[in-house]
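Okay, so here's the structure we're looking at.
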Amino acid sequence: MDINKTSTNSNDNNDEMDQVANEISISIEGLNQIFKDDMKSLRETVRKLKEKKQDLLQIKHVRDTSTIPNELILNVGGMEFHTSKQLLKSIPATFFDLMLSGEIDVQSITNQPDTYFIDRDGTYFRYVLHYLKDRVGSIVPYSIRDELIFYKLDTFSKSKIIADSTFLLFKNWINNSTKSNFKLLYRASENDYSGPTFKKKCCALGSTITVVQTTEGDVFGCYNDLSWFQN
Numbered sequence: 001m002d003i004n005k006t007s008t009n010s011n012d013n014n015d016e017m018d019q020v021a022n023e024i025s026i027s028i029e030g031l032n033q034i035f036k037d038d039m040k041s042l043r044e045t046v047r048k049l050k051e052k053k054q055d056l057l058q059i060k061h062v063r064d065t066s067t068i069p070n071e072l073i074l075n076v077g078g079m080e081f082h083t084s085k086q087l088l089k090s091i092p093a094t095f096f097d098l099m100l101s102g103e104i105d106v107q108s109i110t111n112q113p114d115t116y117f118i119d120r121d122g123t124y125f126r127y128v129l130h131y132l133k134d135r136v137g138s139i140v141p142y143s144i145r146d147e148l149i150f151y152k153l154d155t156f157s158k159s160k161i162i163a164d165s166t167f168l169l170f171k172n173w174i175n176n177s178t179k180s181n182f183k184l185l186y187r188a189s190e191n192d193y194s195g196p197t198f199k200k201k202c203c204a205l206g207s208t209i210t211v212v213q214t215t216e217g218d219v220f221g222c223y224n225d226l227s228w229f230q231n
């Protein structure tokens, strides 16, 4: 009886092992199918991305720029300005650089192949051209800041913390009628984070804005409407 019982138990164990093995096999097959489906989906995604990349690489410029002469005329809102391709392309990635590289569709005026129309108010455009010529150390009136931002020109002393548009926001916060210009007085990273140097560079120069960026990337600041004075 003991032998038969042992034999029966052995058979039961074998059946259980076979069942477990079968379940494992089914699970593996299921996982394998899921893996195949995922790989198929991934390959399809990669294929579409490659096609999109290829399409982007094959995008043609909106116009042939090889025929644009160096001396040209810009018609800005009905006002004509004589300038040169060399000047307009002197700053990379600006509206003019993109236009003359064929990446912005600015068409020449009918029967005036060397004249290009820009649908923008031309009232302040001469200041834009002046800025292109004399941008180093130039003082830019607030009346044309929006124009310079539109043309993607660097309008303020270069800030490593905030964008040009933020300065306009500061202006509105402080006093919308203020016509003073922003000028970089002190950059801590270039002055050993020195407090005395900060006061020296900002002393008796009128109201100031202090902008600070933490190591975590948070930005905060303050506005002082009085001049700094050294003790």
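UniProt numbering applies: residue 1 is where the sequence shown begins, and numbers increase by one. Glycine included, C-beta positions come from ideal geometry on N, C-alpha and C. Since this is a predicted model, take the numbers as computed values, not measurements.
Quick one: what's got a C-beta closer than 6 Å to residue i's C-beta in the same chain, skipping five residues either side?
i: PHE95; result: TYR151, LYS152
Contact defined as beta carbons within less than 8 Å: I believe residue i pairs with residue j. What is the distance between those atoms, to the nearest angstrom?
i: TYR116; j: LEU72; result: 7 Å
i: SER90; j: LEU132; result: 6 Å
i: VAL76; j: ILE118; result: 5 Å
Measure the C-alpha to C-alpha separation of residue i and residue j and round it to an integer number of angstroms.
i: GLN86; j: GLY206; result: 38 Å
i: ASN224; j: ILE209; result: 6 Å
i: ILE28; j: LYS36; result: 12 Å
i: VAL219; j: VAL211; result: 7 Å
i: GLY78; j: GLY122; result: 7 Å
i: LYS183; j: GLU190; result: 16 Å
i: ARG120; j: GLU147; result: 9 Å
i: TYR127; j: SER41; result: 55 Å
Along the chain, where does the alpha helix (DSSP H) containing residue i start, and where does it finish?
i: THR197; result: 195 to 202
i: GLN86; result: 85 to 88
i: PHE95; result: 95 to 100
Leaving out the 5 sequence neighbours to the left and right, which residues in its chain are closer than 7 Å to residue i when beta-carbon positions are compared?
i: CYS202; result: LEU185, TYR186, THR208, TRP228
i: ASN70; result: SER84, LYS85, GLN86
i: ILE161; result: VAL211, GLN213, VAL219
Going by DSSP, what residue range makes up the beta strand (DSSP E) through residue i?
i: LEU72; result: 71 to 76
i: PHE229; result: Segment: none, PHE229 is in no beta strand (DSSP E) and carries neither H nor E.
i: VAL128; result: From DSSP, VAL128 is part of no beta strand (DSSP E) but of the alpha helix (DSSP H) over 125 to 134.
i: ILE209; result: 208 to 213
i: PHE182; result: Careful: PHE182 lies outside any beta strand (DSSP E) and carries neither H nor E.
Three-state secondary structure (DSSP) at residue i?
i: PHE167; result: helix
i: TYR151; result: coil
i: SER27; result: helix
i: ILE118; result: strand
Take residue i and list the residues in its own chain whose beta-carbon comes closer than 8 Å to its own, dropping the five residues that flank it on each side.
i: ASP97; result: LEU88, LYS89, ILE91
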